[in-house]
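Remember, our numbering sits 1259 above the position in the sequence shown when you count from 1.
Every residue, glycine too, gets a C-beta built ideally from N, C-alpha and C.
In this text, all values refer to a predicted model and were calculated from it rather than measured experimentally.
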Amino acid sequence: MGGRAYVIGVGMTKFEKPGGRDWDYPDMAREAGTNALADAGIDYERVEQAYVGYVYGESTSGQRAVYELGLTGIPVINVNNNCSTGSTALFLAVQAVRSGSAECALALGFEKMQPGSLGSTYEDREQPMMKHLLALAELQEFAMPPAPYMFGAAGREHIEKYGTTAEQFAKIAVKNHRHSVNNPYAQFRDEYTLDEILAAKTIYDPLTKLQCSPTSDGSGAAIIASEAFVEEHGLAAQAIEIAGQAMVTDMRSTFDDKSAISLVGAKMTSAAANRVYEQAGIGPEDVDVIELHDCFSTNELLTYEALGLCAEGEGGKLIDAGDTTYGGRWVVNPSGGLISKGHPLGATGLAQCAELTWQLRGTADARQVEGAGIALQHNIGLGGAAVVTAYRPADR
């Protein structure tokens, strides 16, 4: 893996409904980036490289975004990896520091989204998800919009194979909405009963509207530094080590399995998680707090299994037993997750990083997981890439 890399500063904006706030992406980036720099206690001039992620935007929007922080001539790399864009920017910043290419790097992500379901920008070329959609249409009849269709189909497959129930998926949404009540950065902060979740408008059975992440505007940022930089600036007390990190893209099994669960990336997640556990010298039983990609409640349950929190087919038992909330074996998505916190695509992975950094520092306020010592992040984008990261305090 090379040298060590540490998160020394994080920042984010409140996630907002598109059009709900009078701002543009440079405003978002300035707010998140300024907060991260202030948290690290350094000036932008100390940053040697910047990796800036967004999905919907023009070329070099990354430069326009970080120009709000300074004009220092550093390399600025624009990053787009669908819903895993933010964690991909983080992955690249960590690589730069570990390799010795930079002592201090910025990962920043933002999104200014259109209301409603995700859509394509260009209609005159192959859509990147077409191969996945055609494969899934051979298994379950195609439906719109594509994202809830794909993750809903994976949920249906889990129901058919393992007897999972609609109520178990809905309980995940109940949990995440309940967690978001304590998150001032969350787009939604309302609590719902199980009956209310189940009675909401059906988007694609078994998914109701309250089990789906919303379109959102917002930004997140993280400052990554080397061990020498941490020592030079006396940052060990606040630094959080990247104990392990892996990115995995689609494998033959994605399509050869003839499985909706594989098509939405469960095996990518599993492969990435196993690499991270090996790098960090930990297992899932050592983890205290997790931020994972609950774009839909079905995907959170699938991810329990892919991360090794339980055996395949037993994800429903975890939610029934209360094992993924406060007082359970893990606290999963203390931020409220994508379902309730929001999902500005380019910012999501960095907001997860921010939440876990606060948790491991013990500064997450009402969301604080008692005794949190090891954290795990999971961010996935279809088409596809899964990024898994393990964190621990520098002094641990």
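{"Check": "Can at least three beta-carbon pairs, one atom from the segment 1482-1494 and one from the segment 1380-1397, be found at a separation below 8 angstroms?", "Outcome": "no"}
{"Check": "Report, in whole angstroms, the separation of the C-beta atoms of Y1444 and L1469, which I expect to be a contact under 8 angstroms.", "Outcome": "The pair is not a contact, with the Cβ atoms about 19 angstroms apart (cut-off 8 angstroms)."}
{"Check": "Cutting at 7 angstroms between CB atoms, please list the residues of its own chain near R1588, excluding the five before and the five after it.", "Outcome": "D1582"}
{"Check": "With DSSP collapsed to three states, give me the class of D1283.", "Outcome": "coil"}
{"Check": "Whose C-beta lies closer than 6 angstroms to the C-beta of G1642 among residues of the same chain, with five residues either side of it excluded?", "Outcome": "N1341, P1387, M1388"}
{"Check": "For G1316, does the count of other Cβ atoms within 10 angstroms reach 16, so buried, or fall short, so exposed?", "Outcome": "buried"}
{"Check": "Hey, how far is the Cα of V1523 from the Cα of A1432?", "Outcome": "19 angstroms"}
{"Check": "I'd like the ranges of any beta strand (DSSP E) spanning at least 3 consecutive residues and lying wholly in the segment 1331-1362.", "Outcome": "1335-1338"}
{"Check": "Just to confirm, are A1610 and K1600 a CB contact at a threshold of 8 angstroms?", "Outcome": "yes"}
{"Check": "For the beta strand (DSSP E) containing V1548, name the first residue and the last one.", "Outcome": "1548-1550"}
{"Check": "How far does the alpha helix (DSSP H) with H1492 in it extend, from its first residue to its last?", "Outcome": "Here H1492 belongs to no alpha helix (DSSP H), and DSSP marks it neither H nor E."}
{"Check": "Looking only at C-alpha atoms, which of N1442, S1556, A1309, R1626 sits nearest to Y1463?", "Outcome": "S1556"}
{"Check": "Where does R1626 fall in DSSP's three states?", "Outcome": "helix"}
{"Check": "Does the separation of the CB atoms of T1347 and V1338 fall below 8 angstroms?", "Outcome": "yes"}
{"Check": "Quick one: what's got a C-beta closer than 6 angstroms to I1267's C-beta in the same chain, skipping five residues either side?", "Outcome": "A1299, I1482, A1484, L1494, A1498"}
{"Check": "Got a sec, what are the start and stop residues for the beta strand (DSSP E) R1651 sits in?", "Outcome": "1644-1652"}
{"Check": "Going by DSSP, name the residue or residues bridged to Q1308.", "Outcome": "A1364"}
{"Check": "Verify whether the separation of the beta carbon atoms of Q1504 and S1475 is less than 8 angstroms.", "Outcome": "no"}
{"Check": "Tell me the DSSP secondary structure of T1380 in three-state form.", "Outcome": "coil"}
{"Check": "Would you decide whether A1570 is buried or exposed? Buried here means 16 or more other CB atoms lie within 10 Å of its CB.", "Outcome": "exposed"}
{"Check": "Please check the pair A1539 and A1565, which I expect to be a contact at CB under 8 angstroms, by giving their CB distance rounded to whole angstroms.", "Outcome": "About 17 angstroms; that fails the 8 angstroms criterion."}
{"Check": "Starting from the N-terminal side, write out each stretch of the alpha helix (DSSP H) that is 4 residues or longer and does not extend beyond the segment 1389-1429.", "Outcome": "1389-1396, 1405-1421"}
{"Check": "Does DSSP put Y1265 in a helix, a strand or coil?", "Outcome": "strand"}
{"Check": "Under the three-state reduction of DSSP, which class applies to A1631: helix, strand or coil?", "Outcome": "coil"}
{"Check": "Assuming A1606 and F1369 are in contact, meaning their beta carbons sit under 8 angstroms apart, how far apart are those beta carbons, in whole angstroms?", "Outcome": "6 angstroms"}
{"Check": "Tell me, to the nearest whole angstrom, how far the beta carbon of E1416 is from that of S1518; I am working on the premise that it is less than 8 angstroms.", "Outcome": "7 angstroms"}
{"Check": "Can you tell me the Cβ-Cβ gap for L1604 and V1314, rounded? I've got them flagged as a contact below 8 angstroms.", "Outcome": "4 angstroms"}
{"Check": "At the level of alpha carbons, what is the spacing between E1307 and S1360?", "Outcome": "9 angstroms"}
{"Check": "To which residues of the same chain is G1630 closer than 8 angstroms at the C-beta, ignoring the five residues directly before and after it?", "Outcome": "D1547"}
{"Check": "Give me the DSSP bridge partner(s) of C1471.", "Outcome": "F1555"}
{"Check": "With distances taken Cα to Cα, identify the nearest neighbour of T1508 among I1541, L1568, G1479, N1638.", "Outcome": "N1638"}
{"Check": "In this structure, does DSSP put A1481 in helix, strand or coil?", "Outcome": "strand"}
{"Check": "If I'm right that G1575 touches L1551 with Cβ under 8 angstroms, what's the distance once you round it to whole angstroms?", "Outcome": "That pair is no contact at about 16 angstroms."}
{"Check": "Which residues share a DSSP beta bridge with Q1704?", "Outcome": "This structure cannot settle anything about residue 1704, because the visible part of the chain is limited to 1260 through 1655."}
{"Check": "From T1648 to E1544, what distance separates their C-alpha atoms?", "Outcome": "15 angstroms"}
{"Check": "In chain order, which continuous runs of the alpha helix (DSSP H) of length 4 or greater are located wholly inside the segment 1526-1602?", "Outcome": "1556-1565, 1574-1580, 1596-1600"}
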